[in-house]
Amino acid sequence: MIANDSRATSFQVRILRQDGPSSAPYWEVHRVQREPDMNVISVLQRVAAGAKTIDNRSVAPVAWDCNCLEEVCGACTMVINGRVRQACSALVDRLLKDRP
Numbered sequence: 794m795i796a797n798d799s800r801a802t803s804f805q806v807r808i809l810r811q812d813g814p815s816s817a818p819y820w821e822v823h824r825v826q827r828e829p830d831m832n833v834i835s836v837l838q839r840v841a842a843g844a845k846t847i848d849n850r851s852v853a854p855v856a857w858d859c860n861c862l863e864e865v866c867g868a869c870t871m872v873i874n875g876r877v878r879q880a881c882s883a884l885v886d887r888l889l890k891d892r893p
């Protein structure tokens, strides 16, 4: 996630995508409206619901694993801002403060 101002009403999300095991990975950039107490799972749900990049290009919805949503099972573990984290407990407000 990238934002210059932690008080912004929206922020950009860069998602590394890959169409298949033999395909090259590529980045997509999306804009998401910021909400209080939002976690990365909420961000991914909004990106999947919109399925359009920041330049308004239609894309396939994102896919990810999650199960308990309570930081217990580890199914939603992913690399977020360069660190391995659980998406259910990674809060957007904290991530934006940690990122210039």
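Read in order, the letters of the sequence shown are residues 794 to 893 in the working numbering. We treat Cβ as the ideally placed atom computed from N, Cα and C, and that holds for glycine.
Beta-carbon separation (whole angstroms), residue i vs residue j, contact threshold 8 angstroms
i	j	result
R824	I847	5 angstroms
D891	N874	7 angstroms
Buried/exposed call for residue i, threshold 16 Cβ in 10 Å
i	result
N797	Any reading at N797 is ruled out, since the residue's pLDDT is 44, under 50, leaving its predicted position unreliable.
V865	exposed
V836	buried
L888	buried
C822	For the sequence presented, residue 822 should be read as Val rather than Cys. With fewer than 16 other Cβ atoms within 10 Å, it is exposed.
A883	buried
V872	exposed
N832	buried
V877	exposed
Which listed residue (the options) has its alpha carbon closest to that of residue i
i	options	result
L862	G875, D891, Q879 and A856	Q879
Q811	D891, A853 and A868	A853
N849	S882, V840 and N832	V840
R807	A801, M831 and K845	K845
D820	C869, A801, V885 and Q805	It is worth fixing the name first, because residue 820 is Trp in this sequence and not Asp. Checked all of C869, A801, V885 and Q805; the closest Cα to W820 is Q805.
C881	D830, V855 and A842	D830
A856	L809, A817 and S816	L809
N860	A842, I834, P814 and G843	I834
Paired residues, beta bridge with residue i - DSSP
i	result
M831	According to DSSP, which records beta bridges pairwise, M831 is partnered with nothing at all.
E821	I808
R878	M871
L884	N832
Below-9 angstroms beta-carbon distance, residue i vs any chain D residue
i	result
S816	The structure shown contains no chain D; it is built from a single protein chain.
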